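> In full-length UniProt numbering, the protein residues as written are 1 to 331. Sharing a structure, written as structure tokens. Questions coming.
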């Protein structure tokens, strides 16, 4: 379990407004940190803004993983009043911040505070001998942010197996925790935490995987064919034989081409063995030319699957109704 070394976008300076050219030019400016470089979008209300003769957008490197993000508006009029939002997004997360442009009260001060910024990206730790999983992160915000957690875009509600905590610290810092009790492989997925207040919104993500390094990994062996499939003819029957090792015991499916075959009638399927080693066979009674073709033996258990392929070809003999088979390929 873990996350990469990249950085979800976070604002290190909230948006501010500056007037230039005797008030004819308005400059929105903010600073953020991100890796890789984020995509930047600006909105007036819910309307996305784009470059034009009046609007110029810039993203300038500011050393390390820091960027100065700016938008200039020329020839400002009353129609430009409203709420502006800047959204920064990369593969690890998304953050947004808002600022109001109000002409009706030019002396009015912008709301003081801090848009949410994640100062420590989410990480995981186990507790209670692996039965409990904790997602933990830290952020700064003022006023107190509203916290929401999501798994694969489905919101997680506080209660039952899930416990959501927001612990205030000094200097507008908050310690955020999502606790999952009775964690299992079913809880794997993409998790996102969203922090929102009146000044903006920030998101951070983490991927929960259950792999070979995780505790609780199912024990055993995925199926593996230890001998090549072989064909033999016994009386009026053709028999496919192979050997498989697997733990737990595998389910066996025989196929001709893309069609799954069923046990019964002309087909008899046998699986014997124990201690993880199994003899697997399929008999075809009274084979004919129509039985020629590619056959697959699929062995599957909870740890994986394996497939062996063999091709049965018939050559006509002089006597009607008789045939011989030739093994032509194995995979």
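Each residue gets a CB set at the ideal place from its N, CA and C atoms; glycine is no exception. The structure presented is a predicted model; accordingly, all values stated were derived computationally and were not measured.
According to the Cβ coordinates, are residue 176 and residue 137 closer than 7 Å?
One-based indexing of the chain shown puts residue 176 at position 176. One-based indexing of the chain shown puts residue 137 at position 137. Yes.
> Quickly, what does DSSP pair residue 144 with across the bridge? List them, please.
Numbered from 1 along the chain shown, position 144 holds the residue referred to as residue 144. Paired residue(s): none; residue 144 is not in a bridge.
> Assuming residue 32 contacts residue 88 under a Cβ cut-off of 8 Å, what Cβ separation, rounded to an integer in Å, is found between them?
Here residue 32 is taken as the residue at index 32 of the chain shown, counted from 1. Here residue 88 is taken as the residue at index 88 of the chain shown, counted from 1. Correct: roughly 6 Å between the Cβ atoms.
> Report the rounded CA-to-CA distance for residue 8 versus residue 201, giving the unit in angstroms.
Start at 1 with the first residue of the chain shown, and residue 8 comes out as number 8. Start at 1 with the first residue of the chain shown, and residue 201 comes out as number 201. Approximately 13 Å, taken between the alpha carbons.
> Does the segment 18 to 32 come into contact with the segment 126 to 143, if we say contact requires no fewer than three beta-carbon pairs (one atom in each stretch) closer than 8 Å?
The segment 18 to 32 vs the segment 126 to 143: no contact.
> Tell me the DSSP secondary structure of residue 78 in three-state form.
Here residue 78 is taken as the residue at index 78 of the chain shown, counted from 1. Reduced to three states, the DSSP call for residue 78 is helix.
> For residue 234, count neighbouring Cβ atoms within 10 angstroms of its own Cβ and tell me buried if that reaches 16, exposed if not.
To locate residue 234, count along the chain shown from 1; it is residue 234. Classification for residue 234: exposed.
> Given this structure, state the Cα-to-Cα distance separating residue 139 from residue 161, to the nearest angstrom.
Along the chain shown, one-based indexing puts residue 139 at 139. Along the chain shown, one-based indexing puts residue 161 at 161. Spanning the two alpha carbons is a distance of roughly 24 Å.
> Measure the C-alpha to C-alpha separation of residue 121 and residue 239 and round it to an integer number of angstroms.
Residue 121 sits at position 121 when you count from the first residue of the chain shown. Residue 239 sits at position 239 when you count from the first residue of the chain shown. For residue 121 and residue 239, the distance between alpha carbons rounds to 59 Å.
> Less than 7 Å between the beta carbons of residue 26 and residue 76, yes or no?
Translated into positions along the chain shown, residue 26 becomes position 26. Translated into positions along the chain shown, residue 76 becomes position 76. Yes, these two residues count as a Cβ contact at 7 Å.
> For residue 349, collect the residues of the same chain with a Cβ closer than 6 Å to its Cβ; drop the 5 residues on either side in sequence, then sort them by chain order.
With the chain represented from 1 up to 331, any question about residue 349 goes unanswered, as that position is not in the structure.
> Can you name, in chain order, every residue of its own chain whose Cβ lies under 7 Å from the Cβ of residue 35, other than the five neighbours on each side?
By one-based count along the chain shown, residue 35 stands at place 35. Excluding positions up to five away in sequence, the list reads 6, 7, 65.
> Excluding the five sequence neighbours on either side, which residues of its own chain have a C-beta within less than 7 Å of the C-beta of residue 247, listed in chain order?
Walking along the chain shown from the start, residue 247 turns up at place 247. Contacts found: 220, 221, 276.
> Under 8 Å by Cβ, that's how I've got residue 13 and residue 30 pegged, so tell me the actual separation to the nearest angstrom.
If you number the chain shown from 1, residue 13 lands on position 13. If you number the chain shown from 1, residue 30 lands on position 30. Going by Cβ atoms, the distance from residue 13 to residue 30 rounds to 6 Å, so yes, they are a contact pair.
> Given a threshold of 16 other Cβ atoms within 10 Å of its Cβ, counted over all protein chains shown, does residue 123 qualify as buried or as exposed?
Mapped onto the chain shown, residue 123 falls at position 123. Answer is exposed; the Cβ neighbour count stays below 16.
> Could you tell me the alpha carbon to alpha carbon distance between residue 250 and residue 226, rounded to whole angstroms?
The sequence position of residue 250 within the chain shown is 250, counting from 1. The sequence position of residue 226 within the chain shown is 226, counting from 1. Rounded to whole angstroms, residue 250 to residue 226 spans 14 Å at the Cα level.
> Specify the secondary structure class of residue 186 as computed by DSSP and reduced to three states.
By one-based count along the chain shown, residue 186 stands at place 186. Helix at residue 186.
> Skipping 5 residues on each side, what residues in its chain have a beta carbon closer than 6 Å to that of residue 59?
Walking along the chain shown from the start, residue 59 turns up at place 59. Around residue 59: 40, 67, 69.
> Tell me whether residue 237 sits in a helix, a strand or coil according to DSSP, three-state version.
The residue given as residue 237 occupies position 237 in the chain shown. Residue 237: strand per DSSP, three-state reduction.
> Within the same chain, show all residues whose beta-carbon is closer than 6 Å to that of residue 263, passing over the 5 residues directly before and after it, in chain order.
Here residue 263 refers to the residue found at position 263 of the chain shown. Within the same chain, residue 263 has close Cβ partners 269.
> Can you tell me which of the three DSSP states residue 291 falls into?
What you label residue 291 is simply residue 291 of the chain shown in a count that begins at 1. Three-state result, residue 291: helix.
> Hey, how far is the Cα of residue 312 from the Cα of residue 153?
Taking the first residue of the chain shown as 1, we reach residue 312 at position 312. Taking the first residue of the chain shown as 1, we reach residue 153 at position 153. Whole-angstrom Cα-Cα distance: 49 Å.
> For the beta strand (DSSP E) containing residue 198, list its first residue and its last residue.
By one-based count along the chain shown, residue 198 stands at place 198. No beta strand (DSSP E) contains residue 198, which DSSP labels as neither H nor E.
> On the DSSP bridge list, what partners appear for residue 159?
Numbered from 1 along the chain shown, position 159 holds the residue referred to as residue 159. Partner(s): 162.
> Give me the residue from 178, 84, 301, 62 with the minimum Cα distance to residue 126.
Numbered from 1 along the chain shown, position 126 holds the residue referred to as residue 126. Among 178, 84, 301, 62, the Cα nearest to that of residue 126 belongs to 178.
> Please classify residue 145 as buried or exposed, where buried requires at least 16 neighbouring CB atoms within 10 angstroms.
Counting from 1 along the chain shown, the entry for residue 145 is found at position 145. Per the 10 Å Cβ criterion, buried.
> Put residue 277 into one of helix, strand or coil per three-state DSSP.
One-based indexing of the chain shown puts residue 277 at position 277. Strand, per DSSP.
> Please list, in chain order, all residues of the same chain as residue 24 whose beta carbon is under 8 Å from its beta carbon, the five residues on each side excluded.
Numbered from its first residue, the chain shown carries residue 24 at position 24. Closer than 8 Å at Cβ, skipping near neighbours: 74, 75, 76.
> Residue 123 bridges to which residues according to DSSP?
Along the chain shown, one-based indexing puts residue 123 at 123. For residue 123, which the question treats as bridged, DSSP gives the partners 136.
> For residue 244 and residue 303, I'd like the C-alpha separation in whole angstroms.
Indexing the chain shown from 1 puts residue 244 at position 244. Indexing the chain shown from 1 puts residue 303 at position 303. Taking the straight line from one Cα to the other gives about 14 Å.
> Quick check on residue 266: does DSSP put it in helix, strand or coil?
By 1-based counting over the chain shown, the position of residue 266 is 266. It is coil, neither helix nor strand.
> Return the chain-ordered list of same chain residues with a C-beta closer than 6 Å to the C-beta of residue 194, the five sequence neighbours on each side being excluded.
What you label residue 194 is simply residue 194 of the chain shown in a count that begins at 1. Once the five neighbours on either side are set aside, the close Cβ partners of residue 194 are 148, 203.
> Applying the 10 Å Cβ sphere with the 16-neighbour rule, what's the burial state of residue 98?
Numbered from 1 along the chain shown, position 98 holds the residue referred to as residue 98. Buried: at least 16 other Cβ atoms inside 10 Å.
> Indicate the three-state DSSP secondary structure (helix, strand or coil) for residue 10 in the structure shown.
One-based indexing of the chain shown puts residue 10 at position 10. Of the three classes helix, strand and coil, the one that applies to residue 10 here is strand, per DSSP.
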